[in-house]
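Only one structure is covered here, and it is reproduced in the block below.
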Amino acid sequence: MTVTPSRAEGEDAVVRAGGRGGSGPGSGGRRGSGPEAGGAGRGVSSAPEGSPGERTAGEGHGTEARTGSPVAVPGARVAPCETAPPAEVAPPTRGFLAKATLVTAVLSIAGALLGLGRDQALAHLFGAGTETDAFLVAWTVPEVAATLLIEDGMAFVLVPAFSLAVARRARGTGADPVRALVASTLPRLALAFVAVAALLMAGAPYLVAALAPGLPDPALAVDCTRLTATCVLSFGLAGYCSAALRAHRRFLAPAAIYVAYNTGIITAMFVLGDRWGVRSAAVGVAVGGCLMVAAQAPSLARQLFGRRRSAPEPEAAAAQGPSPHDGPEANKATQVTEVAASPAPSMKHSVELALIAPVLMFALCRQSQVLIERFLASTLPSGAISHLNYAQKVAQIPMTLSLMLCTVTFPVLAQALAEGDTERARTRVERDVAVASCMVLLGAAAVFACAPQIIQLLFQRGAFTAQDTAATATVMRVYSVGLLGHTLVGALVRTYFSAGRPTWYPLAAMAAGIVATSWIGAGTVDAWGVRGIAAANAIGITVTAALLLSGMGERRSVPIRTRRVVHELSKPVRAAVCAAVAGAFCASRVDSPELALAAGGLTVTVVYVLLLRVLGVKAVAPAFRTALRSVTRRLPHVRFR
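As structure tokens, then:
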């Protein structure tokens, strides 16, 4: 039995339930006449805007779809709902994922370019000296807050919780579980954010002394730290909004937050820089944090308080009779639909401390790499912290872009694990790791080959001298060696925190990497300076990535085929090494930095792609073809707003 929603409701509330009988690719069957965003399926369920459709119980692979047993989802505790099985959100199609990734990548690139503009403005206005070192110590607060509250910590807990709430909402009965989750978590979290921000403001002198004991001007760093401490509240709210919107498969507003953030910082530096000096950048952090929340609030409000799409009544669906396209499961699908649409008691959601603690501890431990770097660099000559910062910001752009796919597919992974569909989760993780690794290795090769030209073109003007360019480029080349490790950590750790149970293994793996970073950095800083610090970072994160990869299994995470994954990873690594050497050689033969960057970048790309084909790497071509189709083909049922 098929129930088609009215076009007045946007044509994107695809209603389905029952077996895998849908004609669209999102149903798991062959491509039929249904729209690419999910196709016309079976049964009754309503999809939120922009999603590829939803499915009710009975369609998924998981045990809950077959037995009605409760599912453990990280970060959420749901009261039993008698015998009514929960609705399930349909797996998104490749076209949807490609378009969502493309939208996220485009806005992330825009945010990254504005981040470069921010760093360029900082270098142009204040150079690389005592003032910028003081600000960058205060910059530690927003860096840590972004990792804990936006990029990793909060997302690992809240995306799965909101994903379950959205699936429950699809049944359209009883109290709204999404609003219930917000009501039970947002006030408490906001209060905690306010308390931490106030504590950081009061303890700013002690924090600066702990982070950079050798800083020449600690008073300036204290002032900047008190201004940047406000971002704990704004970043916390921004991260909460991002998690909720991504669970609703809304990616436009969450991807735009760093555009708003960096715009606020750049504007503040140019407007207030002459009068307040580098403190203007700290003011910009406070303003930019507020803009991050403002960019997402309208979209989240529409999800929470807008007109809800309700599933058709079971009687109305039954009145239409079975569709001629329905298979032998049609009667069974109708029965499941009626059960899923039956009234269920209201559900209460709560974020559990047992699940939050390991996530936040991991994110904090990961971010402590930056703290270690600045602590060690504070004893070096003036400008060392600035050189590390500029090099790291540029070098991490390939990593950020390569993880866009993982950001988009994280709700998909959480849903698959919630349904007990281990095979789908494993396929998703292996594919994400392969594509992300190929992308970041291309970027790492280009960064290594063209580091001097990149830094010269981006920063060498105003107070930023040629000596600063040489020092920063050397550090950036060392950082590029660890980009694969950073990407693997970002891609793999999501699987551990989506498994529905607390796990401390990622924290242990990260702690081992931090120990390696500390020991190697302390042992090499006197002899190698900032290069030793960067090398310690690269080695430490690679250790963590190796431990996370080796620990993947049924007990802790998703049981991927580790040997096969490692074997496939070795191919793009070899291609990237050859491409980096060839690109560096070509770039060094050209005097003009613009032409040298073009020659080096082109050489890296050509050599890398050719070697991928020779070595038989197959991960990138399907992803590229899907992304191309998503751009050239109209997807009327996928909206990002």
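So the sequence shown is numbered by the working numbering: it starts at 1 and just counts up by one. Don't be surprised by glycine CBs; every beta carbon is placed ideally from N, CA and C. Quick caveat, the model's predicted, so the values are computed rather than measured.
Endpoints, alpha helix (DSSP H) assigned at residue i
{"i": "E151", "result": "From DSSP, E151 is part of no alpha helix (DSSP H); its letter is neither H nor E."}
{"i": "T379", "result": "No alpha helix (DSSP H) contains T379, which DSSP labels as neither H nor E."}
{"i": "R275", "result": "257-276"}
{"i": "Q303", "result": "279-305"}
{"i": "V573", "result": "562-588"}
{"i": "Q460", "result": "It is not in any alpha helix (DSSP H) - Q460 carries neither H nor E in the DSSP assignment."}
{"i": "L215", "result": "Segment: none, L215 is in no alpha helix (DSSP H) and carries neither H nor E."}
{"i": "P398", "result": "397-402"}
{"i": "G601", "result": "593-615"}
{"i": "R179", "result": "177-202"}
{"i": "D421", "result": "That residue, D421, is in no alpha helix (DSSP H); it is neither H nor E in DSSP."}
{"i": "T130", "result": "130-138"}
{"i": "G553", "result": "Segment: none, G553 is in no alpha helix (DSSP H) and carries neither H nor E."}
Distance between residue j and residue i (C-alpha atoms, nearest Å)
{"i": "V103", "j": "V408", "result": "10 Å"}
{"i": "G29", "j": "P559", "result": "For G29, the pLDDT reaches just 36, beneath the cut-off of 50, and the residue's location in the model is therefore unreliable, although a value from the coordinates is still provided. Those two C-alpha atoms are separated by around 25 Å."}
{"i": "L488", "j": "V182", "result": "32 Å"}
{"i": "L371", "j": "T140", "result": "7 Å"}
{"i": "S480", "j": "W276", "result": "35 Å"}
{"i": "L457", "j": "L595", "result": "11 Å"}
{"i": "A511", "j": "V232", "result": "24 Å"}
{"i": "E131", "j": "A221", "result": "8 Å"}
{"i": "A582", "j": "P177", "result": "56 Å"}
{"i": "L661", "j": "I397", "result": "Absent from the structure is residue 661, since the part of the chain shown begins at 1 and ends at 641."}
{"i": "A587", "j": "G264", "result": "36 Å"}
{"i": "W519", "j": "G203", "result": "28 Å"}
{"i": "G420", "j": "T379", "result": "52 Å"}
{"i": "I385", "j": "A527", "result": "17 Å"}
{"i": "P205", "j": "A301", "result": "39 Å"}
{"i": "M292", "j": "L403", "result": "20 Å"}
{"i": "R531", "j": "T422", "result": "43 Å"}
{"i": "A37", "j": "F135", "result": "The pLDDT assigned to A37 is 36, lower than 50, so where the model puts this residue is not dependable; a value taken from the coordinates is nonetheless given after this. Cα-Cα distance, rounded: 47 Å."}
{"i": "I514", "j": "P593", "result": "36 Å"}
{"i": "A395", "j": "L484", "result": "11 Å"}
{"i": "F162", "j": "A579", "result": "43 Å"}
Nearest candidate by alpha-carbon position, reference residue i, set the options
{"i": "G443", "options": "T605, D176, S234, T147", "result": "T605"}
{"i": "F305", "options": "W519, V565, R179, S234", "result": "R179"}
{"i": "K571", "options": "F193, I454, A434", "result": "A434"}
{"i": "Q120", "options": "V481, F459, A221, G289", "result": "F459"}
{"i": "L149", "options": "L615, T130, V609, A190", "result": "A190"}
{"i": "T544", "options": "G482, A579, A395", "result": "G482"}
{"i": "N661", "options": "T474, Q453, D176", "result": "Outside the displayed range of the chain (1 to 641) lies residue 661, so it cannot be described from this structure."}
{"i": "A449", "options": "V577, R168, F193, A219", "result": "V577"}
{"i": "A445", "options": "F375, V607, W528, M404", "result": "V607"}
{"i": "A546", "options": "A508, A579, A229", "result": "A508"}
{"i": "D674", "options": "T542, L122, A536", "result": "Look at the range of the chain in this structure, 1 to 641, and you will see that residue 674 is not part of it."}
{"i": "Q369", "options": "T542, A579, A192", "result": "T542"}
{"i": "E430", "options": "G420, L405, L441", "result": "L405"}
{"i": "A214", "options": "F375, A260, R302, V157", "result": "Inspection of the sequence shows that residue 214 is occupied by Gly rather than by Ala. Ranking F375, A260, R302, V157 by Cα distance to G214 puts F375 first."}
{"i": "A536", "options": "E373, F497, Y206", "result": "E373"}
{"i": "A110", "options": "V609, I257, A471, Q453", "result": "I257"}
{"i": "A516", "options": "A538, P506, F497", "result": "A538"}
{"i": "P187", "options": "A167, T225, Y240", "result": "Y240"}
Beta-carbon contacts of residue i that lie in its chain and below 8 Å, excluding the five residues immediately before and after
{"i": "L227", "result": "A138, R279, A282, V283, V285, A286"}
{"i": "L549", "result": "L488, L492, T562, V565, V566"}
{"i": "L612", "result": "C438, K571, P572, A575, V620"}
{"i": "P324", "result": "Residue placement at P324 is flagged as unreliable, the pLDDT there being 41, under the threshold of 50; the coordinate-derived value follows with that caveat. For P324, where only same-chain residues beyond five positions count, there are no Cβ hits under 8 Å."}
{"i": "G117", "result": "N262, I266"}
{"i": "R428", "result": "T409, V412, L413, A416"}
{"i": "F464", "result": "A123, H124, G127, A128"}
Neighbourhood of residue i by C-beta, 6 Å cutoff - its chain only, sequence neighbours within 5 removed
{"i": "W504", "result": "P358"}
{"i": "T147", "result": "A363, Q367"}
{"i": "C290", "result": "S234"}
{"i": "A209", "result": "none"}
{"i": "T495", "result": "V429, S557, V558"}
{"i": "S51", "result": "Reliability fails at S51, whose pLDDT of 38 lies under 50, so the model's placement of it is uncertain and the value that follows must be treated cautiously. Excluding sequence neighbours, S51 sits near R249."}
{"i": "G236", "result": "L149, F193"}
{"i": "G383", "result": "A128, G129"}
{"i": "P142", "result": "T228, C231, V285"}
Close-in-space but distant-in-sequence residues of the same chain around residue i (CB under 7 Å, 5 per side omitted)
{"i": "A253", "result": "L245, A295, Q296, S299"}
{"i": "V159", "result": "A243, R246, A247, F410, P411, A414"}
{"i": "G553", "result": "P559"}
{"i": "A451", "result": "A473, M476, R477"}
Interface flag, residue i vs chain D, CB-CB below 8 Å
{"i": "T469", "result": "The structure shown contains no chain D, having only a single protein chain."}
- If you scan the region 466-537 from start to end, which runs of the alpha helix (DSSP H) of 4 or more residues do you find wholly inside it? Runs of the alpha helix (DSSP H) inside the region 466-537: 466-480, 483-496, 505-528.
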